[in-house]
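S.K.:
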Amino acid sequence: MKKIETTLVLIATRSGSLQDSLVALMTTINIVNAVLVAEDAVSTLRLAEQHCPTLVILEMDLSGRETYALLDQIKNKCSLTRLIALVSDVQQLQKTEIAGADTILLKGFSAASLIATVEELLGEKNLFDHC
Numbered sequence: 008m009k010k011i012e013t014t015l016v017l018i019a020t021r022s023g024s025l026q027d028s029l030v031a032l033m034t035t036i037n038i039v040n041a042v043l044v045a046e047d048a049v050s051t052l053r054l055a056e057q058h059c060p061t062l063v064i065l066e067m068d069l070s071g072r073e074t075y076a077l078l079d080q081i082k083n084k085c086s087l088t089r090l091i092a093l094v095s096d097v098q099q100l101q102k103t104e105i106a107g108a109d110t111i112l113l114k115g116f117s118a119a120s121l122i123a124t125v126e127e128l129l130g131e132k133n134l135f136d137h138c
């Protein structure tokens, strides 16, 4: 039986233009097969546990201080999942580096930068031997 190869991206952001833009961008990347969306910490963790996505894009403003614990929980439960953290300022950037995100982007990043980052992260690992 042929193995189905799926590259799943979980976008964990508050609803609004950022979320809409991320979903639209992810659907343009050839190696992304499916996109899930979560708008709070509880649904993010639930979806991560259920689907063990290839990539999580996590807005660090999602749930205040709880978001750092959420990042840690995702990394512990799905050790192969790559994580891009979206931060609002340098202080958040420093805390997020310590928390262990694979890549950190300061909000205001370009679409081209995000796409290049996603393609780089997804290309540097064996995508399909996942969880």
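Every position in the sequence shown, counted from 1, becomes a number in the numbering used here once 7 is added. Heads up, the beta-carbon is just placed ideally off N, CA and C, and yes, glycines get one too. Small disclaimer: the values here were computed from a predicted structure and weren't measured.
#1: With DSSP run on the structure shown, which of helix, strand or coil describes E46?
#2: Hey, how far is the Cα of L29 from the Cα of I18?
#3: Using CA coordinates, which residue listed in A123, D47 and G115 is at the minimum distance from D4?
#4: Buried or exposed: which applies to Q139, given that a residue is buried once 16 or more other Cβ atoms fall within 10 Å of its Cβ?
#5: Would A45 and L32 be called neighbours here (beta carbons separated by less than 8 Å)?
#6: Using 7 Å as the cut-off, classify the Cβ of T51 as near or not near the heavy atoms of the ligand ZN, replying yes or no.
#7: In whole angstroms, what separates the C-alpha of C85 from that of T110?
M.R.: The relevant details are as follows:
#1: coil
#2: 7 Å
#3: Nothing about residue 4 can be reported from this structure: the residues present for the chain run from 8 to 138 only.
#4: Not covered by the structure: residue 139. The range shown for the chain is 8 to 138.
#5: no
#6: Absence of the ligand ZN from the depicted structure is noted, as is the absence of any ligand whatsoever, leaving it without description.
#7: 16 Å
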